[in-house]
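Engineer:
Numbering (our numbering), first residue to last: 164 to 390.
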């Protein structure tokens, strides 16, 4: 099955297939929306993900996890070539307001990828889980117990190659519009950002104010990057 093309029909100047641009966006996000076909219908589900090279010859990949009984994971396990999927990761960085309803837009960054999701083999499952945790919360693995063999066995992971991916970035428009429009109407941008709140300890944590370094670093990074 051939994969869909990635050339946009509009605003081609916003597209980039530079791996550095793609990985920079993927490195900052945590959730990917992954589409596949189930019972003849397209289905899109959100997944936390990680990034890394499993040393299997496929290079940098996106890694997602779920239950070994999950339908997508079972289907991938039954297929030698994996299952065809599409992936989208996006940020809405700002709402651009022009001087007409038609000229409402957005600042955004997005990555779209197509490929065949394959089940991560048992001998690379532990590495894949480490890469996923390191992406979501760097340093957390050093603060907690390692997963047991039973927990690892109960977890399935899919690897999705990133060799057919494209980024699209829009962050230049300031709501400017045609000269004949009323300049008395406000136009501009409302910046949007994801920020971290104050960490809340579990009720049974014996030292609730002793927030781990990994948590402090993530909160500081989110609030500094989006300050």
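Glycine included, every Cβ here is placed at the ideal spot set by N, Cα and C.
Whose CA, out of 191, 182, 348, lies closest to the CA of residue 381?
Structural biologist: Here the closest residue by C-alpha is 191.
Engineer: Name the DSSP bridge partner or partners of residue 178?
Structural biologist: 331
Engineer: Going by the DSSP bridge assignment, what does residue 315 pair with across the sheet?
Structural biologist: None, per the DSSP bridge assignment.
Engineer: Does the count of Cβ pairs from the region 256 to 276 and the region 352 to 367 closer than 8 Å reach three?
Structural biologist: Yes, the region 256 to 276 is in contact with the region 352 to 367.
Engineer: Taking three-plus beta-carbon pairs below 8 Å as touching, is the region 236 to 243 in contact with the region 296 to 304?
Structural biologist: no
Engineer: With a cut-off of 8 Å on the beta carbons, I'd call residue 278 and residue 376 a contact; round off their distance for me.
Structural biologist: About 35 Å separates the two Cβ atoms, so there is no contact after all.
Engineer: Is DSSP giving residue 197 helix, strand or coil here?
Structural biologist: strand
Engineer: Consult DSSP for residue 267 and reduce its assignment to one of helix, strand or coil.
Structural biologist: The answer is strand: DSSP assigns residue 267 an E or B state.
Engineer: Identify which residue in 319, 259, 388, 304 has its Cα closest to the Cα of residue 350.
Structural biologist: 259
Engineer: If you reduce the DSSP assignment to three classes, tell me which class residue 274 lands in.
Structural biologist: Residue 274 falls in the strand class under three-state DSSP.
Engineer: Are residue 177 and residue 331 closer than 7 Å when you measure CB to CB?
Structural biologist: yes
Engineer: Alpha carbon to alpha carbon, how far is residue 221 from residue 348?
Structural biologist: The C-alpha of residue 348 is placed about 53 Å away from the C-alpha of residue 221.
Engineer: Quick one: grab the DSSP three-state call for residue 307.
Structural biologist: coil
Engineer: Inspect the beta-carbon positions of residue 250 and residue 185 and report whether they are closer than 7 Å.
Structural biologist: Not a contact, by the Cβ cut-off of 7 Å.
Engineer: Could you tell me the alpha carbon to alpha carbon distance between residue 188 and residue 329, rounded to whole angstroms?
Structural biologist: 11 Å
Engineer: Quick one: using the 10 Å Cβ neighbour count with 16 as the cut-off for buried, is residue 388 buried or exposed?
Structural biologist: Of the other Cβ atoms in all chains shown, fewer than 16 fall within 10 Å of the Cβ of residue 388; this residue is therefore exposed.
Engineer: Can you name, in chain order, every residue of its own chain whose Cβ lies under 8 Å from the Cβ of residue 289, other than the five neighbours on each side?
Structural biologist: 310, 315
Engineer: Quick one: what does DSSP say residue 211 is sitting in, helix, strand or coil?
Structural biologist: strand
Engineer: Compare the beta carbon distance of residue 211 and residue 223 with 7 Å and say whether it is the shorter of the two.
Structural biologist: no
Engineer: Can you tell me where the beta strand (DSSP E) with residue 352 in it begins and where it stops?
Structural biologist: Membership of residue 352 in the beta strand (DSSP E) is indicated by the continuous run 351 to 354.
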